[in-house]
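Each residue of the sequence shown is one higher than the last, beginning at 11 in this note's numbering.
Remarks on the structure that follows.
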Amino acid sequence: MSEIGANAEEALAYVRAIPAAKGRTMMGVPFEKRDRVRFGFVGVGGRGFHQMKTIMAVEGTQIAAISDPVEANALRAKETVEKAGQAAPALETDWRKLCAREDVDFVFICSPWDLHADQAIYAMHCGKHAGVEVPAACTLADCWRLVDASEHTRRHCVILENCCYGDNELTVLTMVRAGLFGTITHGEAAYIHDLRKGLLADTGGGLWRREPHKTRNGNLYPTHGLGPVAWYMNIHHGDRFTKMVSMSSLSAALQEYRDANLPADSLQRNEKYSCGDMNSSLIQTAQGRTILLQHDVVTPRPYTRLNLIAGSKGTFSDYPPRIFLDGQKEHEWKPLDELKAQYAHPLWKEAGELAIKNGGHGGMDFIMNYRLVQTIRRGLPPDVNVYDAAAWSAPGPLSDISVAWDSLSVPFPDFTRGHWQTAGGLAPPATAT
Ligand SMILES: NC(=O)c1ccc[n+]([C@@H]2O[C@H](COP(=O)([O-])OP(=O)(O)OC[C@H]3O[C@@H](n4cnc5c(N)ncnc54)[C@H](O)[C@@H]3O)[C@@H](O)[C@H]2O)c1
11 MSEIGANAEE
21 ALAYVRAIPA
31 AKGRTMMGVP
41 FEKRDRVRFG
51 FVGVGGRGFH
61 QMKTIMAVEG
71 TQIAAISDPV
81 EANALRAKET
91 VEKAGQAAPA
101 LETDWRKLCA
111 REDVDFVFIC
121 SPWDLHADQA
131 IYAMHCGKHA
141 GVEVPAACTL
151 ADCWRLVDAS
161 EHTRRHCVIL
171 ENCCYGDNEL
181 TVLTMVRAGL
191 FGTITHGEAA
201 YIHDLRKGLL
211 ADTGGGLWRR
221 EPHKTRNGNL
231 YPTHGLGPVA
241 WYMNIHHGDR
251 FTKMVSMSSL
261 SAALQEYRDA
271 NLPADSLQRN
281 EKYSCGDMNS
291 SLIQTAQGRT
301 ILLQHDVVTP
311 RPYTRLNLIA
321 GSKGTFSDYP
331 PRIFLDGQKE
341 HEWKPLDELK
351 AQYAHPLWKE
361 AGELAIKNGG
371 HGGMDFIMNY
381 RLVQTIRRGL
391 PPDVNVYDAA
401 AWSAPGPLSD
411 ISVAWDSLSV
421 PFPDFTRGHW
431 QTAGGLAPPA
441 TAT
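The structure is reproduced here in structure tokens:
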């Protein structure tokens, strides 16, 4: 469904409409403690298969059930679980049946984007906690539906934002909290990754991930860069995103790459890509901080999530990771490595070796899943909850609206309905281990 509206006024009225709450806040609500966590996996393609193996490497887990309409993917996953010495997981052709199973505690969703919200909501209504790959939702309506379902069912919806758990990101989080950068004023976040080949492939993401490039024009994948910056800024623990403006460049690189690489009779040759190659947004927070948020998956250039955080006493900038602190020699960055040991995060100290052994984007996937299981086994609140899932995903639809109406400044919905002011403390995992 398009949420863009017939004009800017209609779009603004839509964004401002806050549905009535369907339950109490889920902020700070702990998981019920359980020693063994039984996972049901929905979608075991590229990402889901990898995530499943990482979960199996964490102590206290079991893969109880798997659902994927592609039989070969489901069977590959089942065999992998059996080879690891676990009991054979149940195979369910319908993901709804998996959500309803009594032997599943947590539904782990790694399907295409447009299925995430419906599957997570259904899982929560079946009494299961849900973990959702990114983005958690593609429309504002679905962001609100996730919040309402979590509050109504008292189940958690955890956004599986692995980039929050990277070694550099958690080291920098520790530095931010130690006050190294002073008063935090500005951050930069991005997903800049040349995916042209995969987008045009006949397999995996190529089957579904190109579609929004035909129907949307904005930031299609906002969370990888934004999640870590939200943690640096303590979003939902005393600050929140309040407004956003967005602008897109023209669209050129995907079409030119396609024309140069696919045969003249290929069906893709008829496609028109509406999504601008580079989308740039600015977000402001209640404390007056700013965030530059970018998305570009078609321009030939090296990968970056920018991952910059700046304050009154210094700046960290990634790719490569470097810092500049007040008083340092002018114009010269220092490599992050020089301070890494001093500011290593407790999670990486505790599980870093296992993370490197088990891999997954430099170990961040393992650390995320390790911490998720740890919070459940210890009966802690999850590090990220449904409000984070909604607020980190919402720049997708908000950018579509802003771009459509001449870079309209759009108010950022407060998915916490005011609880960002009262949650207190630090955004987790401040007190990990
Ligand atoms: N966090 C990360 O670093 C990261 C990396 C890659 C992908 N992802 C995310 O993971 C998700 C999956 O991406 P992918 O690259 O694995 O795509 P993929 O196409 O390789 O896998 C998707 C899988 O979902 C299955 N599927 C489709 N419809 C389904 C349904 N109704 N029920 C259950 N399964 C269904 C497909 O058969 C396929 O096996 C996406 O949301 C993507 O954004 C995240």
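Glycine included, every Cβ here is placed at the ideal spot set by N, Cα and C.
Treat the numbers as computed from the prediction; the structure is a model and nothing was measured.
(Q) Restricting to Cα atoms, I'd like to know which of R187, S322, G248 is closest to Y353. (A) Selected option, being the one with the closest Cα: R187.
Q: Would you check if there are 3 or more beta carbon pairs closer than 8 angstroms linking the region 172-189 to the region 273-286?
A: Because the criterion of three Cβ pairs below 8 angstroms is not met, the region 172-189 and the region 273-286 do not touch.
Q.
Between D115, A400, L190, R86, which has its C-alpha nearest M134's C-alpha?
A. The residue with the shortest Cα to Cα distance from M134 is D115.
**Q.** Buried or exposed by the 16-neighbour rule on C-beta atoms within 10 Å, applied to A97
**A.** Result: exposed.
Q: Check whether the Cβ of L292 sits closer than 7 angstroms to any heavy atom of ligand 3, and report yes or no.
A: Only ligand 1 can be found as ligands here, which leaves ligand 3 out of the picture.
Q.
Among I411, M37, K32, N17, whose alpha-carbon lies nearest the alpha-carbon of A433?
A. Selection I411, M37, K32, N17 evaluated against A433 yields M37 as nearest (Cα-Cα).
Q. Alpha carbon to alpha carbon, how far is P392 from I386?
A. A straight line joining the alpha-carbon of P392 with that of I386 spans about 8 angstroms.
Q.
Just to confirm the assignment: which complete alpha helix (DSSP H) runs, minimum length 4, are found wholly within the region 128-170?
A. Considered as a whole, the region 128-170 harbours 150-163 as its complete alpha helix (DSSP H) runs of no fewer than 4 residues, in chain order.
Q) If you check the beta carbons only, do T195 and A320 fall under 8 angstroms apart? A) Closer than 8 angstroms, so yes.
**Q.** Under 8 angstroms between C-beta atoms of T233 and V144
**A.** Pairing T233 with V144 gives a Cβ-Cβ distance under 8 angstroms.
Q: Report the rounded CA-to-CA distance for L22 versus P421, giving the unit in angstroms.
A: The straight-line gap from Cα to Cα measures roughly 8 angstroms.
Q.
Please give me, in chain order, every unbroken run of the alpha helix (DSSP H) with length at least 4 that falls completely inside the region 208-238.
A. At a cut-off of 4 residues, the continuous stretches assigned as alpha helix (DSSP H) that sit fully inside the region 208-238 are 221-225.
Q) In terms of residue numbering, what span does the beta strand (DSSP E) encompassing S290 cover? A) For S290, the uninterrupted beta strand (DSSP E) run begins and ends at 289-295, by DSSP.
Q: Using three-state DSSP, classify A442 as helix, strand or coil.
A: Model confidence at A442 stands at a pLDDT of 48, short of 50, so the residue's coordinates are unreliable; what they give is reported in the following sentence. Three-state DSSP puts A442 in coil, outside helix and strand.
Q | Separation of G370 from E363, as counted between CA atoms | A | Approximately 13 angstroms, taken between the alpha carbons.
(Q) Just to confirm before moving on: does the CB-CB distance between D328 and N317 stay below 8 angstroms? (A) Yes.
Q.
Taking its Cβ as the centre, do 16 or more other Cβ atoms sit within 10 Å of D113, making it buried, or is it exposed?
A. Looking at its Cβ environment, which holds fewer than 16 other Cβ atoms inside 10 Å, D113 is exposed.
Q.
ligand 1 and E143: does the residue's C-beta get closer than 7 angstroms to at least one heavy atom of that ligand?
A. If you check the C-beta of E143 against ligand 1, you find a heavy atom less than 7 angstroms away.
Q. Around the Cβ of I411, are there at least 16 other Cβ atoms within 10 angstroms (buried) or fewer (exposed)?
A. With 16 or more Cβ atoms within 10 Å of its Cβ, I411 is classed as buried.
Q: With a threshold of 16 other CB atoms inside 10 Å of the CB of A84, please say whether the residue is buried or exposed.
A: The residue in question, A84, is buried, as its Cβ has 16 or more Cβ neighbours within 10 Å.
Q. If you measure from the CB of L349, is any heavy atom of ligand 1 nearer than 7 angstroms?
A. Distances between the C-beta of L349 and the heavy atoms of ligand 1 are all 7 angstroms or more.
Q.
Here's the rule I'm using: 16 or more other beta-carbon atoms within 10 Å means buried, otherwise exposed. How should N227 be labelled?
A. Buried is the call here.
Q) Is it the case that the CB of W241 approaches a heavy atom of ligand 1 more closely than 7 angstroms? A) Between ligand 1 and the CB of W241, the shortest heavy atom gap is not smaller than 7 angstroms.
Q: Determine the direct distance from the alpha carbon of L357 to that of A351, and round the result to whole angstroms.
A: Here the alpha carbons of L357 and A351 stand approximately 13 angstroms from one another.
Q.
Does E281 come out as helix, strand or coil in the three-state DSSP assignment?
A. It is coil, neither helix nor strand.
Q: Please confirm whether C153 and G237 have their CB atoms less than 8 angstroms apart.
A: Going by C-beta atoms, C153 is not nearer than 8 angstroms to G237.
Q. How about D336 and K323: are their beta carbons less than 8 angstroms apart?
A. Contact: yes.
**Q.** Bridge-paired residues (DSSP) for V383
**A.** Answer is none; V383 lacks a bridge partner.
Q) Can you name the start and end residues of the alpha helix (DSSP H) that A87 belongs to? A) Counting along the chain, A87 sits inside the alpha helix (DSSP H) bounded by residues 81-93.
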